[in-house]
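Following: one structure in C-alpha cells, then a few remarks.
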Amino acid sequence: MTTERITVSLDSELLSELDRMTELGEYRNRSEFFRDLIRQRRSEQLIQAEPDTDCMATLSYVFDTRKRTLLTRLQDNLNQHHDIVRASQIVCLDDHFRLESVALVGKAHQLNQFANLQLSESGVMNGCLHLVPMILDTTI
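Read in order, the letters of the sequence shown correspond to residues 1 to 140 in the UniProt record's numbering.
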C-alpha cells in the first residue's frame, strides 16, 4: 500500500475546529483524524446504498421498569429475533430505569428494523443503534 500526500485548504476557524476535534478524539495527528472520518463516511454510504450489507451492531436504550409488561415485550422481541441477537445486558441505573445493550449481527436493514421495533415500545425512553459494516478492506 502506498501513501499519498494531499493538500487541504481550510479557513482558520475551521482549522482550529479540526485541531480541537483531533485533540478531543485523541488522534496523534490530523491524518489519523481524516482517515477515521473517511472510514466512517464510507461505512454510512455503504449501509445506505446497500441495505443487505452484513453488519454488526450495538443497540442501547433506556427503559422504565414501571411500564407494565415492557420487560416481557422487550424480551419477547429479543427471542423472536434470535437469529440476529448475539448477546444482551441490562444495567440498573436507579430504582426504575434500566439500560439495555444488545449485540447484533445481520443485514443492515434487519438490524434497523429490529432497532425500530425495540425503540418504539412504550416505556423505552431513548436509544441508539450503532451499525458497523463487516468490511475486510483495511486499505484506508
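Don't be surprised by glycine CBs; every beta carbon is placed ideally from N, CA and C.
Quiz item: Below 8 Å, can you find three or more Cβ-Cβ pairs linking the region 73-92 to the region 31-48?
Solution: With a cut-off of 8 Å, the region 31-48 and the region 73-92 do not count as touching, because too few Cβ pairs lie within range.
Practice problem: Kindly indicate which residue of E121, Q110, L117, S122 has the alpha-carbon position closest to the one of Q48. | Solution: If you compare the alpha carbons of E121, Q110, L117, S122 with that of Q48, the shortest gap goes to Q110.
Quiz item: Is the region 103-122 touching the region 21-36, taking contact as three or more C-beta pairs under 8 Å?
Solution: Output reads no: the region 21-36 does not touch the region 103-122.
Self-check item: Status (buried if at least 16 other CB within 10 Å, exposed otherwise) for L93
Solution: L93 comes out exposed.
Quiz item: What are the residues that DSSP puts in a beta bridge with L37?
Solution: Bridge pairing for L37: absent [DSSP].
Exercise. Find the nearest neighbour of T65 within the set D95, L129, D19, G25, judged by alpha-carbon distance.
Key: Measuring from the Cα of T65, the nearest candidate turns out to be D95.
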